[in-house]
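Q: Numbering (the working numbering), first residue to last: -8 to 442. Quick reminder that beta carbons are idealized off the backbone N, C-alpha and C, glycines included. Please read all numbers here as calculations on a predicted model, not as lab measurements. Provided herewith is a single structure, encoded as C-alpha cells, for subsequent inquiry.
Here you go:
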C-alpha cells in the first residue's frame, strides 16, 4: 500500500503547498504525480502510453465539454442571450446578492435532482448564471464553489438520485427507503450549503445601475428570441432525463467516432447537445459573421483548465497501468472486520478523489466492498447503500482532483475573463463535502439508519 500512498502524498504536497509553479498550473502537479506512479509501479513506456490513452479516454467527454462549453458561452455573449438572462435575474431578485446566490444554488439542486448528473446541471445552469454572479461582485472561485455545491447536491437529491440508484442496484436492495432517507440527508446538506454560500456575498446590495427598470415579463417578451439556443440546450438535456432522446436520429453522424479512443467523446449526449446549441446560435447573423472571434476567445480561455484535465487523465491512466487502483481495491478486501467500515469508506473517498467520478467509484468498488460490509461487518444492506452512495458522491468533489471543479474553472475563466483556481473551488466547497463524507460513515456505522 506504500506505493499507493507515496504518489497521493506527492500530489497533495504539490497541489496544496505554496509552490508557485504548481499553484499556477495544477496540470503540472498531475503530470509529476503520474511520473512518480510510473516509477514506483515499474511499468514500461508502452504500458504507460496505453494507460495514458485509456485515462484520457475515460474523461475525454469532460474535456470536450470544457472546450465546447467555453466556445458556446462566447457565442452567447456575442448573441446577447447572457445579458438577457443577467437582466432577468437582476429584475427578479432586486438588490440582494445573498438572495441571488440562494436562488441560483436552489435552482442547481433542483436541476440536478431531475437531470441526475452534476456535470450536466452545472453546465446548463452555469452558462446562464456565471455572468450574473460576476456582476454581483462574487469572486470567481466562490462562483465555482456555488456551482459545484449546487451540482453535486443535485446529483444525490431525489427524485433522480444517480448515486443512490447505482449503490442500491449494485447491492440489490430496495432503493425506496434509501431514497426517502436521502431526502433528509441531502436536504440538510442543502441548508448547510446555503449558509456557506450566502457568506460569499462580499457586497450584498447590488448597485442601482445594475437593476433594470423593466419587469421580468417585459424582458422575456422583448428578447425571447435571444434565448432559443439556451432553451434548446436545456431541453435536450432535461428531456433525455425523462427518457426522451431527441438526438437519437443523429446517431449515424456521431457513431463515426464510436470506436476511436478520446474522439468517442463525440458520442456523449451532453457534448452533442452543446455543439448543436452552438450551431443553432450561428443562424443569428452577428454570431455567424464573428465566428473566428468568439471561437478564438473560447479556446484561449480554457487552455489552462483543458491542460489540467488532460494531465489528470494521464495521471489516472498511470495509476491504473501501474496497478495502484487494483491495490486500493485489494486494500479494502484484506481489512479486519473492525476496520472494514473505515477502510471501505476511505477506499471510496480515495477512488473518488483519483477519478473525480462517483459512478466510476461505485462501479469499481461497491461490488467488492458491499458484500464485505454486509457479510463481514454486518452492516444492514440499506445502510450500506446509503453510506456508499454518500461517500462516492463526496469523493468526486474531494480535493485535489475534482473533474467538475476543473470544468467549472474553465467555464468561469471564459465567462468573466479572470483566472479561476480549481483547487480553491474544492477548498471553498470542502465543509459541505465533509458533511456528506460524515453522513456516509455514520450510515455505515449504524448511527444513521434507513427505516
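Does residue 87 come out as helix, strand or coil in the three-state DSSP assignment?
A: Translated into positions along the chain shown, residue 87 becomes position 96. DSSP places residue 87 in strand when its eight states are reduced to three.
Q: Out of -5, 16, 171, which has the shortest C-alpha to C-alpha gap to residue 29?
A: Walking along the chain shown from the start, residue 29 turns up at place 38. Answer by Cα proximity: -5.
Q: Kindly indicate which residue of 285, 384, 41, 294 has the alpha-carbon position closest to the one of residue 398.
A: The residue labelled residue 398 in the question sits at position 407 within the chain shown. Among 285, 384, 41, 294, the Cα nearest to that of residue 398 is on 294.
Q: Name, in chain order, the residues that DSSP records as bridge partners for residue 196.
A: Position 205 of the chain shown, counted from the start, is the residue given in the question as residue 196. In DSSP, residue 196 forms a bridge with 87.
Q: Counting Cβ pairs closer than 8 Å, one from the region 38 to 47 and one from the region 181 to 192, do we hit at least three?
A: As far as the Cβ criterion goes, the region 38 to 47 does not touch the region 181 to 192, which means the pair count is below three.
Q: Does the beta-carbon distance from residue 261 to residue 395 come in below 8 Å?
A: For this step, residue 261 is matched to residue 270 along the chain shown. For this step, residue 395 is matched to residue 404 along the chain shown. Contact flag unset, no.
Q: State the DSSP-derived secondary structure class of residue 275, mapped to helix, strand or coil.
A: Locating residue 275 in the chain shown gives position 284, counting from the first residue. Here residue 275 sits in coil by DSSP.
Q: Cα separation between residue 72 and residue 142?
A: Mapped onto the chain shown, residue 72 falls at position 81. Mapped onto the chain shown, residue 142 falls at position 151. Distance between the alpha carbons of residue 72 and residue 142 is about 22 Å.
Q: Looking only at its own chain, which residues have a Cβ that is under 8 Å from the Cβ of residue 298, when we skip the five neighbours before and after it?
A: One-based indexing of the chain shown puts residue 298 at position 307. Excluding residues within five positions, the ones whose Cβ falls inside 8 Å are 16, 18.
Q: Just to confirm my understanding: we take residue -3, look at its own chain, exclude 5 residues before and 5 after, and list those with CB closer than 8 Å. What are they?
A: Residue -3 sits at position 6 when you count from the first residue of the chain shown. Answer for residue -3: 27, 31, listed in chain order.
Q: Can the beta-carbon of residue 428 be found less than 8 Å from the beta-carbon of residue 375?
A: Along the chain shown, read from residue 1 onward, the residue named residue 428 stands at position 437. Along the chain shown, read from residue 1 onward, the residue named residue 375 stands at position 384. Cβ distance not < 8 Å, so residue 428 and residue 375 don't count as in contact.
Q: Using 8 Å as the threshold, is the C-beta distance between residue 339 and residue 383 below it?
A: Position 348 of the chain shown, counted from the first residue, corresponds to residue 339. Position 392 of the chain shown, counted from the first residue, corresponds to residue 383. Yes, the Cβ-Cβ distance between residue 339 and residue 383 is below 8 Å.
Q: Classify residue 432 as buried or exposed, calling it buried when 16 or more other Cβ atoms lie within 10 Å of its own Cβ.
A: What you label residue 432 is simply residue 441 of the chain shown in a count that begins at 1. Result: buried.
Q: Could you compute how far the alpha carbon of residue 360 sits from the alpha carbon of residue 343?
A: Counting from 1 along the chain shown, the entry for residue 360 is found at position 369. Counting from 1 along the chain shown, the entry for residue 343 is found at position 352. Roughly 14 Å separates the two Cα atoms.
Q: Under 8 Å by Cβ, that's how I've got residue 303 and residue 392 pegged, so tell me the actual separation to the nearest angstrom.
A: Position 312 of the chain shown, counted from the start, is the residue given in the question as residue 303. Position 401 of the chain shown, counted from the start, is the residue given in the question as residue 392. 6 Å between Cβ atoms; contact.
Q: Please classify residue 120 as buried or exposed, where buried requires at least 16 other C-beta atoms within 10 Å of its C-beta.
A: Taking the chain shown and counting its residues from 1, the one referred to as residue 120 is at position 129. The residue is buried, with at least 16 neighbouring Cβ atoms inside 10 Å.
Q: Please list, in chain order, all residues of the same chain as residue 255 whose beta carbon is under 8 Å from its beta carbon, the five residues on each side excluded.
A: Within the chain shown, numbered from 1, the residue matching residue 255 stands at position 264. Correct list, in chain order: 48, 51, 248, 249.
Q: With distances taken Cα to Cα, identify the nearest neighbour of residue 314 among -1, 8, 33, 2.
A: Taking the chain shown and counting its residues from 1, the one referred to as residue 314 is at position 323. For the residues -1, 8, 33, 2, the minimum Cα distance to residue 314 belongs to 33.
Q: Can you tell which of 169, 161, 403 has its C-alpha closest to the C-alpha of residue 152?
A: Position 161 of the chain shown holds residue 152. The shortest C-alpha separation from residue 152 is found at 169.
Q: Span of the alpha helix (DSSP H) holding residue 214?
A: Position 223 of the chain shown holds residue 214. That run of the alpha helix (DSSP H) goes 207 to 214.
Q: Which same chain residues, not among the five before or five after residue 98, have their C-beta less than 7 Å away from its C-beta?
A: Numbered from 1 along the chain shown, position 107 holds the residue referred to as residue 98. So the qualifying residues of the chain are 116.
Q: Output the residue ranges of the alpha helix (DSSP H) runs that lie fully inside the region 321 to 402 and measure 4 residues or longer, sorted by chain position.
A: Whole alpha helix (DSSP H) segments, 4+ residues: 328 to 346, 349 to 366, 372 to 386.
Q: Is residue 364 closer than 8 Å to residue 335 when the C-beta atoms are compared?
A: As a first step, residue 335 must be located in the chain shown, where it is residue number 344. As a first step, residue 364 must be located in the chain shown, where it is residue number 373. For residue 335 and residue 364, yes; Cβs fall inside 8 Å.
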